[in-house]
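K.L.:
Chains as they are written, first to last, in the numbering used here: chain A, 2 to 209; chain B, 2 to 209.
Note that beta-carbon positions come from the ideal geometry of N, C-alpha and C, so glycine has one too.
So that we are looking at the same thing, I have put the structure below in structure tokens.
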């Protein structure tokens with residue numbers, strides 16, 4: 002083979018290294034993307050890299066809910082029409098976007114920035130749980146407020162939910178979690194048996 | 002929905018726009034990649050964008066074969082052990098890399114930088130055909146040299162091959178093209194009928 006490292010140019014090889022560091026992008030796709038960028042006008046490529054640099058350098062997080070935001074307080078926390086006495090606790094920015102996209106929720110959020118995972122070395126102090134506790138503590142008459150734990154249903158999610166529950170237990174705030182059961186439109190035949198079993202045990206009144 | 006354009010931040014939205022301009026990357030994947038980059042250390046992201054900017058701004062093309070190169074003359078053209086009297090004409094940088102990866106070719110290349118395509122508005126003058134003709138003209142005793150047309154087998158490829166053939170015809174250089182037929186290991190049952198038909202017509206002597 003004529004080329005060291007299989008690449009005709011060190012610059013190309015370094016760009017492929019960089020692009021293939023993205024999750025889900027292999028070296029073949031990275032090469033395709035690098036050669037695509039090479040064909041684009043210079044300004045287009047600079048605009049591309051600038052958008053990424055600016056996102057990384059200038060992004061802000063809402064001082065209240067820790068969501069990505071262009072302002073110090075995000076558009077949801079500063080929206081007076083939303084119910085400020087309901088706080089939905091989620092793992093990540095994407096979860097907020099997913100719940101917002103449903104159009105079914107009108108309270109505020111709290112983004113943990115991760116989930117408790119001893120294996121990955123992530124403990125409560127790496128997350129925004131302290132800030133959440135302060136938000137709960139600052140609520141007037143907490144027994145009429147609600148904290149929704151909208152974390153994933155795996156071991157880490159359950160652990161984190163339980164940890165947060167123990168932290169806010171004393172305040173008297175109502176703590177709820179997402180409804181679990183068969184998805185709407187799901188076929189019984191293809192449901193996993195744990196979900197199906199729990200759906201029978203936790204059956205709901207029929208609403209015609 | 003609380004967010005304009007579905008994104009909580011203009012910076013995030015612009016980064017997603019930029020990333021989803023890449024071929025084969027949709028807006029969902031672009032969001033995933035943008036949020037991944039946001040979690041990386043700042044230096045990592047700067048290294049990523051710098052590698053791409055440097056590739057675009059500093060890349061050179063070999064003055065002889067037009068391949069991507071770090072030098073003015075690429076490592077293949079400057080390799081004295083290669084057969085400088087055989088020139089393999091390919092569409093793109095990737096084709097050179099593919100042929101090099103086979104380890105079966107020891108001549109030089111000529112990268113056209115595209116293919117003649119009236120629909121895409123690409124004519125002979127947009128490619129490096131003129132430079133190719135000059136290379137052929139500069140060869141001593143062209144009748145003992147060879148030009149391999151290694152272009153794709155579609156209409157554009159055939160048109161380009163024919164155009165180049167007409168340009169170099171007078172020089173006396175031997176012009177060949179890639180062998181076409183069933184792939185090695187291909188199953189007859191799944192071969193397309195055009196390839197199969199041509200493979201019967203152009204059958205080769207059996208070499209045991």
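At what residues does the alpha helix (DSSP H) containing residue 34 of chain B begin and finish?
P.N.:
The residue given as residue 34 of chain B occupies position 33 in the second chain. Looking at the DSSP string, the run of the alpha helix (DSSP H) that includes residue 34 of chain B is 28 to 40.
K.L.:
So residue 59 of chain A and residue 12 of chain B are in contact, right, with Cβ under 8 Å, and what is the actual spacing, rounded?
P.N.:
Stepping through the first chain from its first residue, residue 59 of chain A is reached at position 58. Stepping through the second chain from its first residue, residue 12 of chain B is reached at position 11. Yes, they are in contact, since the Cβ atoms of residue 59 of chain A and residue 12 of chain B sit about 6 Å apart, within 8 Å.
K.L.:
Can you name the residues that DSSP bridges to residue 84 of chain A?
P.N.:
Residue mapping note: residue 84 of chain A aligns to position 83 of the first chain, counting from 1. Residue 84 of chain A is bridged to A:108.
K.L.:
Determine, using beta carbons only, whether residue 102 of chain A comes closer than 8 Å to chain B.
P.N.:
What you label residue 102 of chain A is simply residue 101 of the first chain in a count that begins at 1. Chain B contact via Cβ: present.
K.L.:
Secondary structure at residue 210 of chain B, three-state DSSP: helix, strand or coil?
P.N.:
This structure does not reach residue 210 of chain B, given that chain B is present from 2 up to 209, and the question cannot be answered.
K.L.:
Decide if the stretch 110 to 124 of chain B is in contact with the stretch 143 to 161 of chain B; the criterion is three or more beta carbon pairs, one per stretch, under 8 Å apart.
P.N.:
yes
K.L.:
Please decide whether residue 121 of chain A counts as near chain B, where near means a Cβ-Cβ distance under 8 Å.
P.N.:
Position 120 of the first chain, counted from the start, is the residue given in the question as residue 121 of chain A. False, the Cβ-Cβ gap to chain B never drops below 8 Å.
K.L.:
Given that residue 180 of chain A touches chain B, what residues does it touch there, using C-beta distances under 9 Å?
P.N.:
If you number the first chain from 1, residue 180 of chain A lands on position 179. Under the 9 Å cutoff, chain B gives no residues; its nearest Cβ is about 22 Å from residue 180 of chain A.
K.L.:
Should residue 201 of chain B be labelled buried (16 or more other beta-carbon atoms within 10 Å of its own) or exposed?
P.N.:
Position 200 of the second chain, counted from the start, is the residue given in the question as residue 201 of chain B. It counts as exposed.
K.L.:
Beta-carbon within less than 6 Å of residue 179 of chain B's beta-carbon, same chain only, minus the 5 sequence neighbours each way: which residues are those?
P.N.:
For this step, residue 179 of chain B is matched to residue 178 along the second chain. Answer for residue 179 of chain B: 151, listed in chain order.
K.L.:
Inspect the beta-carbon positions of residue 54 of chain A and residue 47 of chain B and report whether they are closer than 8 Å.
P.N.:
In the first chain, counting from the first residue as 1, residue 54 of chain A sits at position 53. In the second chain, counting from the first residue as 1, residue 47 of chain B sits at position 46. Cβ atoms of residue 54 of chain A and residue 47 of chain B: closer than 8 Å.
K.L.:
Chain B partners of residue 70 of chain A, CB-CB under 8 Å?
P.N.:
As a first step, residue 70 of chain A must be located in the first chain, where it is residue number 69. Within chain B, the residues near residue 70 of chain A are 9, 10.
K.L.:
Going by the beta-carbon positions, is the gap between residue 39 of chain B and residue 67 of chain A smaller than 8 Å?
P.N.:
Mapped onto the second chain, residue 39 of chain B falls at position 38. Mapped onto the first chain, residue 67 of chain A falls at position 66. Contact flag unset, no.
K.L.:
If you count every other CB in all the chains shown that lies within 10 Å of the CB of residue 185 of chain B, and 16 or more means buried, which is it?
P.N.:
By one-based count along the second chain, residue 185 of chain B stands at place 184. Residue 185 of chain B should be labelled exposed.
K.L.:
Between the Cα of residue 90 of chain A and the Cα atoms of A:103, A:76, A:136, A:195, which residue gives the shortest distance?
P.N.:
Position 89 of the first chain, counting from 1, holds the residue named residue 90 of chain A. Here the closest residue by C-alpha is A:136.
K.L.:
Would you call residue 49 of chain A buried or exposed, if buried means 16 or more other Cβ atoms sit within 10 Å of its Cβ?
P.N.:
The sequence position of residue 49 of chain A within the first chain is 48, counting from 1. Per the 10 Å Cβ criterion, buried.
K.L.:
My output table needs one value for residue 74 of chain A: the three-state DSSP class, helix, strand or coil.
P.N.:
In the first chain, the residue the question calls residue 74 of chain A occupies position 73. Residue 74 of chain A falls in the coil class under three-state DSSP.
K.L.:
Using a Cβ-Cβ distance cut-off of 8 Å, determine whether residue 165 of chain A contacts chain B.
P.N.:
Translated into positions along the first chain, residue 165 of chain A becomes position 164. For residue 165 of chain A, the answer is no, since every Cβ of chain B falls outside 8 Å of its Cβ.
K.L.:
Using alpha carbons as the reference points, say which of B:95, B:131, B:189 lies closest to residue 169 of chain B.
P.N.:
Position 168 of the second chain, counting from 1, holds the residue named residue 169 of chain B. Comparing Cα-Cα distances from residue 169 of chain B to each of B:95, B:131, B:189, the minimum goes to B:131.
K.L.:
One question on the structure: do residue 86 of chain B and residue 147 of chain B come within less than 8 Å of each other, judged by their Cβ atoms?
P.N.:
In the second chain, counting from the first residue as 1, residue 86 of chain B sits at position 85. In the second chain, counting from the first residue as 1, residue 147 of chain B sits at position 146. Taking 8 Å as the Cβ cut-off, residue 86 of chain B and residue 147 of chain B qualify as a contacting pair.
K.L.:
In three-state DSSP terms, what is residue 2 of chain A?
P.N.:
Looking up residue 2 of chain A in the first chain gives position 1. Confidence at residue 2 of chain A is low in this model, with a pLDDT of 48, below 50, so its placement is unreliable and the value that follows should be read with caution. Coil at residue 2 of chain A, not helix or strand.
K.L.:
Flag this pair as yes or no: are the beta carbons of residue 166 of chain B and residue 125 of chain B separated by less than 8 Å?
P.N.:
Translated into the one-based positions of the second chain, residue 166 of chain B becomes position 165. Translated into the one-based positions of the second chain, residue 125 of chain B becomes position 124. No, the Cβ-Cβ distance between residue 166 of chain B and residue 125 of chain B is not below 8 Å.
K.L.:
Taking residue 176 of chain A as part of the alpha helix (DSSP H), name the residues at either end of that continuous run.
P.N.:
Residue 176 of chain A sits at position 175 when you count from the first residue of the first chain. Premise fails: residue 176 of chain A lies in the beta strand (DSSP E), 175 to 178, not in any alpha helix (DSSP H).
K.L.:
Given residue 109 of chain A, which residues of its chain have a CB within under 8 Å of its CB, disregarding the five upstream and five downstream residues?
P.N.:
For the purposes of this step, residue 109 of chain A is taken as the residue at position 108 of the first chain. Cβ within range, chain order: 65, 66, 77, 78, 83, 84, 85, 87, 88, 89.
K.L.:
So, are the CB atoms of residue 94 of chain B and residue 123 of chain B less than 8 Å apart?
P.N.:
Indexing the second chain from 1 puts residue 94 of chain B at position 93. Indexing the second chain from 1 puts residue 123 of chain B at position 122. It is not a contact, given that the beta carbons lie outside the stated cut-off.
K.L.:
Buried or exposed for residue 195 of chain B, please, with buried defined as at least 16 other CB atoms from any protein chain shown within 10 angstroms of its CB.
P.N.:
In the second chain, the residue the question calls residue 195 of chain B occupies position 194. Its Cβ having fewer than 16 others within 10 Å, residue 195 of chain B is exposed.
K.L.:
Judging by CA-CA distance, which residue of B:18, B:31, B:98 is the nearest neighbour of residue 10 of chain A?
P.N.:
Within the first chain, residue 10 of chain A is the residue found at index 9, counting from 1. It is B:98 whose Cα lies nearest to the Cα of residue 10 of chain A.
K.L.:
Quick check: is the beta carbon of residue 185 of chain B nearer than 8 Å to any beta carbon in chain A?
P.N.:
Taking the first residue of the second chain as position 1, residue 185 of chain B is located at position 184. No, residue 185 of chain B lies away from the interface with chain A (no Cβ there is under 8 Å from its Cβ).
K.L.:
Give every residue of the same chain whose Cβ lies closer than 8 Å to the Cβ of residue 2 of chain B, excluding the five residues on either side of it in the sequence, and list them in chain order.
P.N.:
Numbered from its first residue, the second chain carries residue 2 of chain B at position 1. Reliability of the predicted coordinates at residue 2 of chain B is poor, the pLDDT of 48 falling under 50, and no value is obtained from them.
K.L.:
Quick check: the Cα distance between residue 33 of chain B and residue 104 of chain A, rounded to an integer number of angstroms?
P.N.:
To locate residue 33 of chain B, count along the second chain from 1; it is residue 32. To locate residue 104 of chain A, count along the first chain from 1; it is residue 103. For residue 33 of chain B and residue 104 of chain A, the distance between alpha carbons rounds to 21 Å.
K.L.:
Residue 44 of chain A: buried (16+ other C-beta within 10 angstroms of its C-beta) or exposed?
P.N.:
In the first chain, the residue the question calls residue 44 of chain A occupies position 43. Counting Cβ neighbours within 10 Å, residue 44 of chain A comes out exposed, since fewer than 16 surround it.
K.L.:
Please list the terminal residues of the continuous alpha helix (DSSP H) segment that includes residue 133 of chain B.
P.N.:
To locate residue 133 of chain B, count along the second chain from 1; it is residue 132. From DSSP, the alpha helix (DSSP H) with residue 133 of chain B extends over 130 to 139.
K.L.:
Using a Cβ-Cβ cutoff of less than 6 Å, which residues in the same chain neighbour residue 129 of chain B once the five nearest sequence positions on both sides are dropped?
P.N.:
By one-based count along the second chain, residue 129 of chain B stands at place 128. 67, 113, 114, listed in sequence order.
K.L.:
Rounded to whole angstroms, what's the CA-CA distance from residue 19 of chain A to residue 62 of chain B? Just pull it up for me.
P.N.:
As a position in the first chain, residue 19 of chain A is number 18, starting the count at 1. As a position in the second chain, residue 62 of chain B is number 61, starting the count at 1. Going from the Cα of residue 19 of chain A to the Cα of residue 62 of chain B covers about 21 Å.
K.L.:
Measure the alpha-carbon distance for residue 30 of chain A versus residue 29 of chain B and round it to whole angstroms.
P.N.:
By 1-based counting over the first chain, the position of residue 30 of chain A is 29. By 1-based counting over the second chain, the position of residue 29 of chain B is 28. If I take the Cα positions, the gap works out to 17 Å.
K.L.:
By a C-beta neighbour count over all protein chains shown, 10 Å radius and 16 as the cutoff for buried, is residue 191 of chain A buried or exposed?
P.N.:
The residue labelled residue 191 of chain A in the question sits at position 190 within the first chain. Under this definition residue 191 of chain A is an exposed residue.
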